[in-house]
Amino acid sequence: MSLIVDNAVKMKVYSKKLTGNGEELERWQERITKYHKWLDGHRLTAVKAGERVDVCDTELIWCRATVELVIKSANRKDLLYLHYEGWNRKYDEYLYIDSHRVAPLGLYTERTDIPKYRMGTRNTGLSMMYAVVLQ
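Residue numbers (my numbering): 3 to 137.
Quick look at the structure:
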């Protein structure tokens with residue numbers, strides 16, 4: 003975020019040096035507006051227990067998860083208890099609703115140009131899941 007602010011300040015200073023009507027500043031402000039609109043479309047604002055969302059796991063792979071619990075707080079955004087679909091409960095996580103790792107369902111998991119897990123069972127007689135990252 004600080005990079006955006008730094009660039010905004012630089013653009014304002016630069017626009018004052020320009021002669022004319024400040025077209026560069028207007029173009030910069032349009033880019034910032036588009037960026038914020040894009041960013042708002044990728045964030046969750048409200049979610050209920052039982053809803054499904056996209057979550058970026060600790061290996062930076064986007065997975066589907068179910069919101070098991072929403073913890074409300076007066077001082078902070080909602081805290082979500084998330085269960086990764088198809089995974090053991092030991093991988094469940096708590097993440098804030100405004101985390102960059104949480105997104106609306108399908109935003110990332112329906113893409114075909116990013117790595118995904120292929121879930122399966124091993125032939126060991128145990129009912130354990132394993133995953134292979136697909137490129």
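The beta carbon of each residue, even a glycine, is placed where N, CA and C say it ideally should be.
Predicted model only: the values in this text are computed from it and were never measured.
On the criterion of 16 or more Cβ atoms from any shown chain inside 10 Å, does Ala67 qualify as buried, or is it exposed? buried
Between Tyr98 and Arg120, what straight-line distance do the alpha-carbon atoms span, to the nearest angstrom? 27 Å
Name the two residues that bound the continuous alpha helix (DSSP H) containing Trp40. 25 to 42
Reduced DSSP category for Trp91 - H, G, I as helix; E, B as strand; rest coil: Sequence check: residue 91 is Arg here, not Trp. Reduced to three states, the DSSP call for Arg91 is helix.
Report, in whole angstroms, the separation of the C-beta atoms of Ile69 and Gly52, which I expect to be a contact under 8 Å. Correcting the residue type first, residue 69 is Val in the shown sequence and not Ile. Yes, Val69 and Gly52 are in contact; Cβ-Cβ is about 7 Å, under 8 Å.
Inspect the beta-carbon positions of Tyr86 and Tyr93 and report whether they are closer than 8 Å. yes
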